[in-house]
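Chemist: This is the structure I have questions about; it appears just below.
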Amino acid sequence: MNEEELGTGGDRFPPTRRSVIEAVASIDAEERARALESLCAAYWKPIYKYIRLRWDRPADEAQDLTQGFFVGVLERELLEKFEPKKARLRTYLRVCVDSFVSNEDKADRRQKRGGDIPHVALDFAAAEEELGNAVMDPARIVSPESLDEFFEKEWLRSLFTLAVEDLHQLCLARGRERTFHLFEAYDLEDHDKISYDQLAKEYAISVSDVNNALAWARREFRRISLERLHELCGSEEEFQREARAAFGSHEK
Amino acid sequence: MKFLSDKAMDRLREAAEIPDLTGTRYRLLGRVARGGMGVVYVAEDEKLERRVALKVLDMPGADGDLANRLVREALVLARLEHPGIVPVHDVGTLSDGRVFYTMKFVQGQRLDKYIQPSRSTTHRLRIFLRICDAVAFAHAHGVLHRDLKPANIMIGSFGEVLVMDWGLAKLLNQEVRPPSGAADPDATIFEKPVRGDDSNRSAGGSVVTGHGTVMGTPGYMSPEQARGDVEHLDARSDIFSLGALLRFLIASVSNASNPAAGKQRLDKALKAICSKATAPNPGDRYATLPEMAQDVSRYLDGLPIEAHRESFIETLTRFYRRYRFFILLIGAYLLMRVLILFFMHR
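If you read the sequences in order, they're chains A and B.
Its first residue numbered 9, the first sequence is counted upward by one per residue in our numbering.
Its first residue numbered 880, the second sequence is counted upward by one per residue in our numbering.
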């Protein structure tokens, strides 16, 4: 076996989703809209929470600013101005949020927005509840590093949430609801891990069935997450780095 | 959608990282460590019923660059059959697209964990010579390691010394075929990391570039390697790393195992070897690794070394240390004769 056969063979992760950066430059309006929806779906919650913490804004004002920011992404063609070689898309967007909020302050022209932002349900009540759950040392909250870390963490949480949702839909479409329930029980629940034996008894299946189901679900979760991540990166290099950060560099 | 707690996030990351070994002959047993490009697990080869170390790439590279590099590492290891280099058993691709290879599972300790202050200088130097032996073998086969450091040396449970992690290896010739259509792999290995970006640093302390490639470890990589001077890298770059490694080995020798009498010599002679090996200019270093190993060997045998011009006193001290037993024996004999003569003529 040689490198060529191995390095490029098999069913390697296929980057089926185009990067939002490429898609927003498309002449196809539908593709542009889809790209913005994906961006909004992945980023609205981290941005909302970031504005609440970093800029210490009350919930209603943060909601308005979050919506305003995504309108601004469209109006000011922020994505077209992004240069993948200079920064990560995530960092760029965070800097844009800072600049947007700061400019809004200066102009003092707060206004209710809506209508022009991508069709994504922004469940601010849920975001607010999650923010209450966020464990963050108040003493560290002032440091820019901790806010950067917070934004990154929330962004990853948002990405994983979307991927779990996609996985759920995939399981439903393929008649594998039980697989999703097993995945949910073993990998998503907050309690200490239950054993494969316990799951097998609970679902009246064999341990190897549990093993196979979980292996499939994890493989699909990984594939979906990487597809979504690929879409949200400005370049292949950024994708590699983000993927390593998301899946490859957590040490306990 | 349900809120994912931090605990659930950690589990998801862990779950997504676990390699899916469906369709392979291996069964996962546990995680061992993280390397520059991927994670090393211990697995059971179900056909041969033995434990193996399984190294899996972090993720499938969209451009295949990392995958090619891991395969290249396996191919490099496969052609280096030496007792000081861990043998590769198998290489392949998992169902999720990640490349893996399996190798001998070595139970032991990393050199930096193994070296205790109580280990004698001689013991340390013998380990060092075995490292040199393995690396010199690789050099003779046209392979540079480029990431030699204590964390990449394993001391096995039978005392075997193994040089690990050849993910950054440079081929001085291209006998191991580079991936089709890919640029010279060396051209992508040496990219400047983003300053202050800790995401470029792997768990082992190696610097990782934006493409996830490792370029070396600060403190152990040669200046030319740090500059990314790929074209001019040769065995002397590894010699630099080995000089730094030797310095690490002799730095923490306790006074108990290193009597003050010998400390002066250890400082001068061994430091001279380290200094020569880590000279900023490659031309001032040992030209080949066997030359450096020979100096260390000569030091151990109490012979003069190439790296250090000793004074007359140092020569006498070395002579005394080398032939101490005979000198003391002759001294004792002469003393006895003098005493006998003294009492006879009294």
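Built from N, CA and C at the ideal position, the CB exists for glycine as well.
Please check the pair Val-985(B) and Ala-922(B), which I expect to be a contact at CB under 8 Å, by giving their CB distance rounded to whole angstroms.
Modeler: Not quite, the Cβ-Cβ distance comes to about 14 Å (not below 8 Å), so this is no contact.
Chemist: Which partner residues does Gln-988(B) have in the DSSP bridge list?
Modeler: According to DSSP, Gln-988(B) bridges with Ile-1034(B).
Chemist: Kindly list the residues whose CB is nearer than 7 Å to the CB of Arg-1164(B), restricted to its own chain and excluding five residues on each side of it in sequence; keep chain order.
Modeler: Answer for Arg-1164(B): Arg-1115, Ile-1118, Phe-1119, Lys-1155, Ala-1156, Ala-1158, listed in chain order.
Chemist: Within the same chain, show all residues whose beta-carbon is closer than 6 Å to that of Ala-135(A), passing over the 5 residues directly before and after it, in chain order.
Modeler: Once the five neighbours on either side are set aside, the close Cβ partners of Ala-135(A) are Lys-53, Tyr-56.
Chemist: How long is the line joining the alpha carbons of Leu-1008(B) and Val-1175(B), rounded to whole angstroms?
Modeler: Distance between the alpha carbons of Leu-1008(B) and Val-1175(B): 7 Å.
Chemist: Where does Met-982(B) fall in DSSP's three states?
Modeler: If DSSP states are grouped into helix, strand and coil, Met-982(B) belongs with the strands.
Chemist: Residues of the region 893-906 of chain B with a CB closer than 8 Å to any CB of chain A: list them in chain order, please.
Modeler: Within the region 893-906 of chain B, the residues whose Cβ lies closer than 8 Å to some Cβ of chain A are Glu-893, Ala-894, Ala-895, Glu-896, Ile-897, Asp-899, Thr-901, listed in chain order.
Chemist: Listed from N- to C-terminal order along the chain, which residues in the region 911-933 of chain B have their beta-carbon within a distance smaller than 7 Å of any beta-carbon of chain A?
Modeler: Cβ contacts with chain A come from Arg-913.
Chemist: Taking Cβ positions only, does Ala-1013(B) come closer than 8 Å to chain A?
Modeler: Not an interface residue.
Chemist: If we count Cβ pairs, one from each stretch, closer than 8 Å, do we get three or more for the region 55-73 of chain A versus the region 206-216 of chain A?
Modeler: Result no; under three Cβ-Cβ pairs closer than 8 Å.
Chemist: Nearest to Cys-1011(B) by alpha carbon, out of Tyr-905(B), Gly-917(B), Leu-1125(B)?
Modeler: Checked all of Tyr-905(B), Gly-917(B), Leu-1125(B); the closest Cα to Cys-1011(B) is Leu-1125(B).
Chemist: For Val-935(B) and Leu-973(B), which I take to be in contact (beta-carbon distance under 8 Å), what is that distance rounded to the nearest angstrom?
Modeler: Contact flag correct, Cβ pair sits at about 7 Å.
Chemist: Counting C-beta neighbours from all protein chains within 10 Å, is the total for Leu-883(B) 16 or more, i.e. buried, or is it exposed?
Modeler: Label assigned to Leu-883(B): buried.
Chemist: Measure from the alpha carbon of Gly-1046(B) to the alpha carbon of each residue in Ile-1034(B), Leu-1027(B), Phe-1037(B), Ala-1172(B), then state which is nearest.
Modeler: Nearest C-alpha to Gly-1046(B): Leu-1027(B).
Chemist: Which same chain residues end up closer than 8 Å to Glu-88(A) when comparing Cβ atoms and leaving out the 5 residues on each side of it in sequence?
Modeler: Excluding residues within five positions, the ones whose Cβ falls inside 8 Å are Val-32, Ala-33.
Chemist: Give the residues of chain A in contact with Lys-886(B), contact being defined as C-beta atoms less than 8 Å apart.
Modeler: Neighbours of Lys-886(B) on chain A, chain order: Asp-198.
Chemist: Which word fits Glu-138(A), buried or exposed, when buried means at least 16 other C-beta atoms lie within 10 angstroms of its C-beta?
Modeler: Burial call: buried.
Chemist: Can you confirm whether Ser-216(A), when its beta carbon is compared against all beta carbons of chain B, has any partner nearer than 8 Å?
Modeler: Not one chain B Cβ lies under 8 Å of Ser-216(A).
Chemist: What does the Cβ neighbour count give for Pro-1097(B), buried or exposed, with the cut at 16 atoms within 10 Å?
Modeler: So Pro-1097(B) ends up on the exposed side.
Chemist: Is the region 246-256 of chain A close to the region 104-113 of chain A, with three or more CB pairs under 8 Å?
Modeler: The region 246-256 of chain A, when compared against the region 104-113 of chain A, does not touch it at the 8 Å Cβ threshold.
Chemist: Going by DSSP, what residue range makes up the alpha helix (DSSP H) through Tyr-194(A)?
Modeler: Segment: none, Tyr-194(A) is in no alpha helix (DSSP H) and carries neither H nor E.
Chemist: What are the start and end residues of the beta strand (DSSP E) that includes Glu-923(B)?
Modeler: Note, Glu-923(B): beta strand (DSSP E), 917-924.
Chemist: Between the beta-carbon of Lys-983(B) and the beta-carbon of Pro-996(B), is there less than 8 Å?
Modeler: No, the Cβ-Cβ distance between Lys-983(B) and Pro-996(B) is not below 8 Å.
Chemist: If I follow the unbroken beta strand (DSSP E) through Tyr-1202(B), where does it start and stop?
Modeler: It is not in any beta strand (DSSP E) - Tyr-1202(B) carries neither H nor E in the DSSP assignment.
Chemist: What does DSSP give as the partner residues of Gly-909(B) in its beta bridges?
Modeler: Gly-909(B) is bridged to Val-921(B).
Chemist: What is the C-beta distance between Leu-240(A) and Ala-50(A), in whole angstroms, given that I count them as a contact (C-beta under 8 Å)?
Modeler: Indeed they touch by this definition, with Cβ atoms about 6 Å apart.
Chemist: Which value, in whole angstroms, describes the spacing of the CA atoms of His-1020(B) and Arg-951(B)?
Modeler: Cα-Cα distance, rounded: 15 Å.
Chemist: Check for me: the beta strand (DSSP E) holding Thr-972(B) runs from which residue to which?
Modeler: Thr-972(B) -> beta strand (DSSP E) spans 967-972.
Chemist: If the criterion is Cβ atoms closer than 8 Å, does the pair Ser-46(A) and Gly-242(A) meet it?
Modeler: No, Cβ-Cβ distance for Ser-46(A) and Gly-242(A) is not below 8 Å.
Chemist: Are the Cβ atoms of Tyr-920(B) and Arg-930(B) separated by less than 8 Å?
Modeler: No.
Chemist: With the cut-off set at 8 Å, would you say Arg-226(A) and Ile-897(B) are in Cβ contact?
Modeler: Yes, they are a contact pair.
Chemist: Once you ignore the five residues that flank Arg-230(A) on each side, which residues in its own chain have a CB closer than 8 Å to its CB?
Modeler: Phe-255.
Chemist: Can you tell me the Cα-Cα spacing of Gly-963(B) and Val-1040(B), whole angstroms?
Modeler: Their backbone Cα atoms lie some 6 Å apart in a straight line.
Chemist: When you compare each of Asp-975(B), Asp-1113(B), Leu-1149(B), Ala-887(B) to Arg-1003(B) by their alpha carbons, which one comes out closest?
Modeler: The residue with the shortest Cα to Cα distance from Arg-1003(B) is Leu-1149(B).
Chemist: Got a sec? Which residues, its chain only, sit under 6 Å from Ala-1151(B) by beta carbon, not counting five neighbours each side?
Modeler: Closer than 6 Å at Cβ, skipping near neighbours: Ala-1186, His-1187.
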